[in-house]
Every structure is written in structure tokens, then in C-alpha cells.
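J.:
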Amino acid sequence: MIPGTGSLLALLAALLAGAVAPADAPLRAETIASAHMPLLAEAVAPPGAPLPGLAGHGTRHVVEMRAFAFAPAELEVEVGDTVVWLNRDPVPHTASDSLGAWDSGTLAAGARWTWVARAPGRVSYLCALHPAMRAVLTVRARPAP
Ligand SMILES: [Cu+2]
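Sequence positions in the sequence shown follow numbering that gives the first Met the number 0 and run 0 to 144.
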């Protein structure tokens, strides 16, 4: 048997499983609580409850990790906005700034990680576990009132 064949098959099976996972699968409470820097309100939210935004502090954006890709792969937000990475795959992923400024840590299947944009800039990020998973995040300065 060729070494690595088993893990390749497992990866393929995981990909197929991810492709057919229901889009509206409910999040599990324990995965929400295990996110690295949860907003307090999110950490105590019951499973399936809508996530409260940061009241008066910008827009909430969601990036899904699905079928070994970030969706959307390009996202523009403003300073003060919140970005939530949500792992829809049956395997762990990370969202890791390629320059090392921020890192979600390992997000298990169904887990999410919330991050608030603090400064303008354009960064590429990737999954540290699957470096072919890449995306770009642009943070724009908030327009003067
Ligand atoms: Cu990954």
C-alpha cells in the first residue's frame, strides 16, 4: 500500500462530507464557548440564537470556512466592524494573518472566532492547517462623520 493513501482518502471523505453538510446546521454551544476571544454576549448565547452585533460599533461580517475554502475569499470591512469566521467543514481550520498579527487558533468543526478590525490595512490570511486555503481582508478607515 502506498504510504499516505489512507489519509488522502480520509481527506477526500471529509471534503465530500463538507460539501453535503446542511447550510443551516445549528452551531453547538460548546464550540461557541471554546472560541478563542468570544464576545461575552456570544459566549453565553444559547445555541441557534442570533448573534448580537456590537451595538453602534459597526457591521458584523461572516466568513465561512467551507469545502476547504474561505467564503468570501475577499472581504472589505471598516474599522470597528466585526468579522466572524465560522467553520462549516467537518475538519479543523484556522484563520491566520500571514504576517502573524492575529490568529484564530484551531477552530474545530462548527466553531467560530470573532475578531474586531482595529486599524486600516490589507492583509492576506490563510488556514495554518491547509495553507492552500487563502483569502484577503481589507480594513478601510471609517469615513469621517
Ligand atoms: Cu484548514
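Quick reminder that beta carbons are idealized off the backbone N, C-alpha and C, glycines included.
Evaluate T58 with the Cβ neighbour count: other Cβ atoms within 10 Å of its Cβ, from every protein chain shown; 16 or more gives buried, anything less gives exposed.
T.: The count along the sequence shown starts at 1 and reaches residue 58 at position 59. T58 comes out exposed.
J.: Give a single yes or no on whether L106 has its beta carbon closer than 6 Å to a heavy atom of ligand 1.
T.: Counting from 1 along the sequence shown, the entry for residue 106 is found at position 107. No - ligand 1 has no heavy atom lying nearer than 6 Å to the Cβ of L106.
J.: Starting from the N-terminal end, write out each residue whose C-beta falls within a distance shorter than 6 Å of any non-hydrogen atom of ligand 1.
T.: For ligand 1, the selected residues are H92, C126, L128, H129 and M132.
J.: Can you tell me which residues form a DSSP beta bridge with A134?
T.: Position 135 of the sequence shown, counting from 1, holds the residue named residue 134. The partner list for A134 (beta bridge, DSSP) reads Y124.
J.: Quick check on A140: does DSSP put it in helix, strand or coil?
T.: The residue you call residue 140 lines up with position 141 of the sequence shown. If DSSP states are grouped into helix, strand and coil, A140 belongs with coil.
J.: Leaving out five residues before and five after E73 in sequence, what residues of the same chain have Cβ atoms less than 6 Å from its Cβ?
T.: As a working note, residue 73 is residue 74 in the sequence shown. Cβ within range, chain order: V135.
J.: Measure the CB-CB distance between A107 and P91 and report whether it falls below 7 Å.
T.: The sequence position of residue 107 within the sequence shown is 108, counting from 1. The sequence position of residue 91 within the sequence shown is 92, counting from 1. The answer is yes: Cβ separation under 7 Å.
J.: Within 10 Å of its beta-carbon, does S123 have 16 or more other beta-carbons around it, so buried, or fewer, so exposed?
T.: Counted from its first residue, the sequence shown places residue 123 at position 124. So S123 ends up on the exposed side.
J.: Quick check on this structure: which residue in S103, G79 and R87 has the alpha carbon closest to the alpha carbon of G109?
T.: Working through the sequence shown from its first residue, we reach residue 109 at position 110. Considering only alpha carbons, the answer is R87.
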